[in-house]
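Take a look at the structure below.
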Amino acid sequence: MKIYTKQGDAGQTALYGGRKVSKSDLQIEAYGTIDELNSNIGFLAAHVDDKSILDLLLKCQQDLFVIGSHLAIDFDNPKKLKLPALPVARIPEFESEIDRMDSALKPLTQFILPSGSKAVAVAHISRTVCRRSERRVVAMSEHFDFDPVIMIYLNRFSDYLFVLARYVAHSQGIEDVCWLPPL
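Numbered as in the working numbering, the sequence shown ends at 221 without a single skipped number.
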């Protein structure tokens, strides 16, 4: 596969199905932030040592490719495209992992700051990129009909990443850094 085609040099790109749109199009922004999230998850994985967490993060990276493909189709000209199935089963897996990790943590009683160590900060960055992806996908949903499991997945994934950040801090012996309201 050739990396450069020069097709996008004028600020246009093609949707999966052929129609060309501006690279600033809402749809491109939505699946572009999914790609950005995927890269952030790879960066997070480089900062985590726990094999079970790494395994789940790798599955999530695979899932994000699937989600991106579902968002990249030409909704105005739907064809019989063979898309991989959306990762519906991952949602209860997130919930189970959230519950497992949360059971090892002190209950949250106030807002916390996204800091503590490199791994904790990267988990929080990934969480915020996930939230941005969710916002872009929600904006896209106001114009196109697609499976709502995508929004559910992103919402639960960001919850998972928040708890993961706290869990990583806990496993490193780092207390939550609480937000202190100004006096």
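Idealized CB from N, CA, C, for every residue including glycine. Because the structure is a prediction, the values reported are computed rather than measured.
Enclosing alpha helix (DSSP H) for residue i [first to last residue]
i, result
"K97", "K89 to L109"
"S171", "K156 to S179"
"I188", "V187 to S209"
"Q65", "L64 to A83"
"P130", "R128 to D140"
Closest residue to residue i among the options (Cα-Cα distance)
i, options, result
"G56", "V158, A110 and D88", "A110"
"F195", "L221, S134 and V206", "S134"
"L202", "F149, V86, Q65 and K97", "V86"
"L199", "I136, H208 and M178", "I136"
"Y225", "Y69, F149, H181 and Y42", "In this structure the chain extends from 39 to 221, so residue 225 is not present and cannot be described."
"L95", "H108, N115 and S77", "S77"
"P219", "Q45, L75 and I150", "I150"
"Q100", "A52, L124 and D47", "L124"
"V206", "D114, G49, D73 and K156", "K156"
Distance between residue j and residue i (C-alpha atoms, nearest Å)
i, j, result
"V158", "E67", "27 Å"
"G154", "Q210", "9 Å"
"E172", "V59", "21 Å"
"F184", "D93", "28 Å"
"K120", "I41", "23 Å"
"F182", "I212", "44 Å"
"L64", "R174", "8 Å"
"P145", "I91", "21 Å"
"I105", "V176", "13 Å"
"D140", "H208", "10 Å"
"E74", "R170", "10 Å"
"Q50", "D112", "14 Å"
"V165", "L143", "Sequence inspection shows Arg at residue 165; the Val mentioned does not correspond to that position. Taking the straight line joining both Cα atoms gives about 18 Å."
Unbroken beta strand (DSSP E) run spanning residue i, endpoints
i, result
"Q50", "Q50 to A52"
Paired residues, beta bridge with residue i - DSSP
i, result
"I150", "C216"
"V59", "T51"
Task: Validate contact between the segment 177 to 194 and the segment 118 to 132 using beta carbons, cut 8 Å, 3 pairs - done: yes
Task: Segment contact flag, the segment 159 to 169 with the segment 75 to 83, C-beta cutoff 8 Å, min 3 pairs - done: yes
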